[in-house]
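Q: Shown below is the structure under consideration.
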Amino acid sequence: MHFVIMGCGRVGATLATSLERRGHEVAVIDQDELAFRRLAPEFQGHRVKGVGFDRDVMRRAGVEKAYAFAAVSSGDNSNIIAARVARETFGVQRVVARIYDPGRAEIFERLGIPTVATVRWAADQTLHHLLPQGATPDYFDPTGRLVLAQIHLDDGWIGHRLTEIEAFAQGRVAFVTRLGDAQIPTEQSVYQEGDEVHLVVPRDRLPELEHRLDAPPPQD
0 MHFVIMGCGR VGATLATSLE RRGHEVAVID QDELAFRRLA PEFQGHRVKG
50 VGFDRDVMRR AGVEKAYAFA AVSSGDNSNI IAARVARETF GVQRVVARIY
100 DPGRAEIFER LGIPTVATVR WAADQTLHHL LPQGATPDYF DPTGRLVLAQ
150 IHLDDGWIGH RLTEIEAFAQ GRVAFVTRLG DAQIPTEQSV YQEGDEVHLV
200 VPRDRLPELE HRLDAPPPQD
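Counting along the sequence shown from 1, when you hit position 147 you're at 146 in numbering that gives the first Met the number 0, and nothing is skipped either side.
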């Protein structure tokens, strides 16, 4: 899939490298041509010099075919404008913006634009918003056999008990993050819209489960 990243600072360069290593096509936009030096030497993606929220620049980066867009420059206003243009003008559904001001971040979360504030920034968190399944390992056991990972679930699982998800995945839901609070599930716990589910499964089954859980649950 094609991804467009605005901003080639440390975060943008890290995202570009991570996405390309996962087999995706990546275009990076930055006003400063020297910023592209931060990209890994083996980076094969597109380097586009220009203002990240300029429509012509975005078109040159391939935003019209983009699966997702990340605005991670050093300016809140630029990131906000670029994210809105990507979504509202070009119809990119998966958009995330890096926002320094927590107050602004809350406003744009309510507008449906996921934001990541500097104080809790990590490239992996952004990948959760950008990738189709978005399972990023949080922890490996000492043997490397088990993995704890946040798993993306299809909306069809909403309303199902977490025990059903465990039985389907043959794993264990370690905890759920709901409205910013982590919770240990009970037998009565139900998957709700917006929940972040962290599942413990055998490491070698994680790719398979990403795809199975990103689809609606099987019908009885």
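Positions of the beta carbon are idealized from the N, C-alpha and C atoms, including for glycine.
Find out if the Cβ-Cβ distance for the pair Phe-2, Val-25 is shorter than 8 Å.
A: In this structure, Phe-2 places its C-beta atom within 8 Å of the C-beta atom of Val-25.
Q: Tell me, please, whether the segment 198–215 touches the segment 155–175 by the rule of three or more beta-carbon pairs shorter than 8 Å.
A: yes
Q: Taking the alpha helix (DSSP H) that Leu-198 belongs to, which residues open and close that run?
A: Per DSSP, Leu-198 lies in no alpha helix (DSSP H); the unbroken beta strand (DSSP E) holding it starts and ends at 195–201.
Q: Starting from Arg-93, follow the beta strand (DSSP E) in both directions and report where the run begins and ends.
A: 93–98 is the extent of the beta strand (DSSP E) around Arg-93.
Q: Specify, as a first and last residue, the run of the alpha helix (DSSP H) that Leu-38 falls within.
A: That residue, Leu-38, is in no alpha helix (DSSP H); it is neither H nor E in DSSP.
Q: Does the count of Cβ pairs from the segment 11–30 and the segment 85–94 closer than 8 Å reach three?
A: no
Q: Which of the three DSSP states, helix, strand or coil, is assigned to His-45?
A: strand
Q: Starting from Phe-167, follow the alpha helix (DSSP H) in both directions and report where the run begins and ends.
A: 161–168
Q: For Tyr-84, report the span of its beta strand (DSSP E) as first-last.
A: Strictly speaking, residue 84 in this sequence is Val, with Tyr absent from that position. No beta strand (DSSP E) contains Val-84, which DSSP labels as neither H nor E.
Q: Determine the direct distance from the alpha carbon of Tyr-66 to that of Pro-217, and round the result to whole angstroms.
A: 27 Å
Q: Below 8 Å, can you find three or more Cβ-Cβ pairs linking the segment 147–156 to the segment 204–213?
A: yes
Q: Determine the extent of the beta strand (DSSP E) in which Asp-29 is found, giving its start and end residues.
A: 24–29
Q: Apart from the five residues on each side of it in sequence, which residues of its chain come closer than 7 Å, Cβ to Cβ, to Gln-191?
A: Ile-157, Arg-177
Q: For Ala-70, tell me which candidate among Arg-144, Glu-19, Ile-4, Leu-205 has the shortest Cα-Cα distance.
A: Ile-4
Q: Could you check where the beta strand (DSSP E) with His-151 kicks off and where it finishes?
A: First-last for His-151: undefined, no H or E at that position.
Q: Give the single residue among Tyr-99, Ala-15, Asp-31 whose Cα lies nearest to the Cα of His-45.
A: Ala-15
Q: With a CB to CB cut of under 6 Å and the five nearest residues on each side skipped, what residues in its chain are close to Ser-188?
A: Leu-161
Q: Identify, in the order they occur along the chain, each residue of the same chain with its Cβ nearer than 7 Å to the Cβ of Lys-64, setting aside the five sequence neighbours on each side.
A: Annotation for Lys-64: His-1 place their beta carbon closer than 7 Å to its own, counting only its chain and skipping 5 residues before and after.
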